[in-house]
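Residues 1 to 317 in full-length UniProt numbering are what the sequence shown lists, from first letter to last. To start, the structure under review is shown below, and the notes come after it.
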Amino acid sequence: MKKSKKINVYIISGFLGSGKTTILNNLLPQFTSEKNVVIENEFGKINIDATLVNGTFESVYELTNGCICCSINNQLLETLTQIISLENQPDNVFIETTGIADAGEIAANFTSLFVSEAFDLKKIITVVDAENILFYKDANSEVQKQIVAADSIVINKSALVSSKILANIKDFIQSINPYLSIVLSKDGSLDRMILATENSQKTFTPSTLYKSESTHKIKTMLYETEELFDVQKLKYELFRHLYLYYHQIYRIKGYVVTKENQVVLVQTVGKSVVIELAHNQEISKGQLVFIGKELELKTIARILKPAVAQTDKLQLV
1 MKKSKKINVY IISGFLGSGK TTILNNLLPQ FTSEKNVVIE NEFGKINIDA TLVNGTFESV
61 YELTNGCICC SINNQLLETL TQIISLENQP DNVFIETTGI ADAGEIAANF TSLFVSEAFD
121 LKKIITVVDA ENILFYKDAN SEVQKQIVAA DSIVINKSAL VSSKILANIK DFIQSINPYL
181 SIVLSKDGSL DRMILATENS QKTFTPSTLY KSESTHKIKT MLYETEELFD VQKLKYELFR
241 HLYLYYHQIY RIKGYVVTKE NQVVLVQTVG KSVVIELAHN QEISKGQLVF IGKELELKTI
301 ARILKPAVAQ TDKLQLV
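The structure is reproduced here in structure tokens:
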């Protein structure tokens, strides 16, 4: 018998050696009353991480010999299809990515109609190693992309560094992605409540988060507008330009007003685009935060212009 309720999906990403498997092992025992499936990915022919996963789960699917975000994307989709076809479907799917994966690319799989009808991507967690993250910050773009894609960051091994270094790590993370939540973990322990926080309910105030230039080559730019938007056109234009400029635009998040005078939340990660009604949200103007490289406001305006509805501008107070 098939479930009518969607299967929750949690993506755990993080650079090599950050402690993703330890985090997963500490989370799984907190889901003993639910059916869980783990998808493990390792860049190589043998998946060592899959042998290290403990806890309560129905099965482990191993994706090897490639990065989950690129060369074996088809294998991921095949695995998701297998899960959908199970007689007793799980409540949760945990995906532990390889250390060089782009979580935004993985998230894009869950925006297709077929996958989104069965799965609900709840949270992207990126784990960073407190001892080493600052050494990677300038030289490794994968680390930065993993931070951009995250809803929550876990700073693992936090007890091994000073409070000053922790403050520097937080500053670095927030300079790249200023609207995620940050959690400290001394030894890979993590409360499952971090997974329960609804991303769309987070307080989002772009005007207080705006940073025009980052010292880490990633810009965070605020685009404000009083225009009304056609949702279908907006989604099309964002899809189109994310495929063209995925190497420059890492993430977009914010609110705009539609031609029907409704406030919608706009979120993109990698090449995935989600636009949904923002209940009980009042805004005086549309605000979108763009995170990426070589961003310019005039280029952002050009991307959004075709999606502007042919109506009067926003008149909300």
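Note that CB positions come from ideal geometry on N, CA and C, so glycine has one too. None of these values were measured; they are calculated from a predicted model.
The three-state secondary structure of residue 93, taken from DSSP, is strand. Taking one beta carbon from each stretch, the stretch 105-117 and the stretch 28-37 have fewer than 3 pairs nearer than 8 angstroms; the two do not touch. DSSP links residue 13 through a beta bridge to 126.
Within the stretch 118-200, complete alpha helix (DSSP H) segments of at least 4 residues are found at 133-136, 141-149, 163-176 and 193-196, given in chain order. Relative to the Cα of residue 134, the nearest Cα in the group 168, 142, 265 and 75 belongs to 168.
In the DSSP assignment, residue 308 falls outside any beta strand (DSSP E) and carries neither an H nor an E.
Distances from the CA of residue 96 to each of 39, 164, 121 and 171 were compared; the closest alpha carbon is that of 39. The stretch 111-120 makes no contact with the stretch 139-158: fewer than 3 CB pairs, one atom from each, lie closer than 8 angstroms.
In the DSSP assignment, residue 105 is bridged to no other residue. CA-to-CA, the gap between residue 130 and residue 27 works out to about 20 angstroms.
For residue 237, there is no enclosing beta strand (DSSP E); the enclosing alpha helix (DSSP H) has its first and last residue at 231-244. The stretch 245-260 and the stretch 78-87 do not touch, with fewer than 3 CB-CB distances between them shorter than 8 angstroms.
Counting other Cβ atoms within 10 Å of its Cβ, residue 258 reaches 16 or more and is therefore classed as buried. Residue environment analysis places residue 296 among the exposed positions, since fewer than 16 neighbouring C-beta atoms fall within 10 angstroms of its C-beta. With the rule of 3 Cβ pairs closer than 8 angstroms, the stretch 8-27 counts as touching the stretch 180-190. When beta bridges are read from the DSSP output, residue 18 appears opposite no residue.
By a beta-carbon distance limit of 8 angstroms, residue 307 does not contact residue 219. Their separation comes to about 22 angstroms. Separation of the CB atoms of residue 15 and residue 99 is rounded to 5 angstroms, and the pair is thereby assigned contact status at 8 angstroms.
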